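Colleague: After the structure tokens below, expect a handful of questions from me.
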Amino acid sequence: MPASDAADGDILRFADVAFSWRQGDAFRLEIEGFAVQRGESLLIMGPSGSGKSTFLSLACGIVSPERGEIAVAGATISDLRGAALDRFRAEHFGIIFQMFNLLPYGSIVDNVLLPLIFARERRSRASYDGDPAEEARRLLARLGLESALHRRSAPTLSVGQQQRVAVARALIGSPAVVIADEPTSALDRDHQQAFLDLLFEEAERAGATLVMVSHDATMAPRFQRTVELGSLMRQN
Ligand code: ADP
Ligand code: MG
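The opening position of the sequence shown corresponds to residue 126 in the numbering used here, with each subsequent residue numbered one higher.
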């Protein structure tokens, strides 16, 4: 079945996907079939080097599969290229990187507004009060960053503050899917729990599907579903 024929409840679907970084590489990701339901919170587990980041890059079209189909919200993202792909990604995905990847230049509000530059629909969803910067400030305030708003740039923030900016940037304009690549790996246990609290709360409020990858099983109980990446791989 083509990935784009997903049942209405599926937001993300892999069908017969194969990917390797280089021809003949020992590492090869092969996923026969896999789906994530709209609104689901899913944790994908696997040891370091097992392909978790590669999986997320495929899901949001940062890389394209050499075979097979990946569908997001009923559209075949693996058929898109170039500017159309960048726009689609910006419209549909909130992305939280392991190191948060905040821009060193630009204000904290500018960092939150970044995904809206290429995403017209997402921008208009974030603009119901007229100005998306208002929505950025509202999200940042909700995440307890009011006092940091006057700071000019992201590098002056603590790690805990940076993580909250990253959550605000992923959630602004309510993208359908929030993907997070080991976002708690740089945090101590207390900060990890606080991070997950605010991520789950804000993702639920936005109605977003949450897909996180991690090698750390301690957060599994918080997710509706946990799968091992290895169990998704085609068995030969
Ligand atoms: P994980 O996130 O589970 O640690 P990755 O997806 O980063 O695993 O890596 C899976 C394999 O792909 C590893 O062998 C890694 O070296 C390789 N790899 C990851 N990213 C790249 C890249 N950008 N270019 C080439 N090889 C890569
Ligand atoms: Mg990784």
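We put the CB at the ideal spot given by N, CA and C, even for glycine.
On a predicted model such as this, the values are computed, not experimentally measured, just so you know.
1) Do you know offhand how far residue 343's Cα is from residue 332's?
2) In terms of residues, what are the limits of the alpha helix (DSSP H) holding residue 352?
3) Exposed or buried, residue 261, counting other C-beta atoms within 10 Å across all chains shown (16 or more means buried)?
4) Using the Cβ count rule (16 or more neighbours within 10 Å means buried), how would you classify residue 131?
5) Is residue 322 helix, strand or coil by DSSP?
6) Please confirm whether residue 291 and residue 225 have their CB atoms less than 9 Å apart.
7) Within a Cβ cutoff of 8 Å, which residues of the same chain sit near residue 213, ignoring the five residues on either side of it in sequence?
8) Kindly indicate which three-state DSSP category residue 154 falls into: helix, strand or coil?
9) Starting from the Cα of residue 188, find the closest Cα among 147, 221, 223, 160 and give me that residue.
Modeller: If we stick to the structure as given:
1) Sequence index remark: in the sequence shown, residue 343 carries index 218 (1-based). Sequence index remark: in the sequence shown, residue 332 carries index 207 (1-based). Cα to Cα, the separation comes out at about 24 Å.
2) Along the sequence shown, one-based indexing puts residue 352 at 227. Premise fails: residue 352 lies in the beta strand (DSSP E), 350-353, not in any alpha helix (DSSP H).
3) On the sequence shown, position 136 is the one that residue 261 refers to. Burial call: buried.
4) Here residue 131 refers to the residue found at position 6 when the sequence shown is read from its first residue. Any reading at residue 131 needs caution, since the residue's pLDDT is 47, under 50, leaving its predicted position unreliable; the model's value is listed next. Answer is buried; the Cβ neighbour count reaches 16.
5) Indexing the sequence shown from 1 puts residue 322 at position 197. Correct three-state label for residue 322: helix.
6) For the purposes of this step, residue 291 is taken as residue 166 along the sequence shown, with counting starting at 1. For the purposes of this step, residue 225 is taken as residue 100 along the sequence shown, with counting starting at 1. Yes, these two residues count as a Cβ contact at 9 Å.
7) Counted from its first residue, the sequence shown places residue 213 at position 88. Taken in chain order, the residues that qualify are 186, 197, 200, 202, 205.
8) Taking the first residue of the sequence shown as 1, we reach residue 154 at position 29. The answer is strand: DSSP assigns residue 154 an E or B state.
9) Position 63 of the sequence shown holds residue 188. Ranking the options by Cα distance to residue 188, first place goes to 147.
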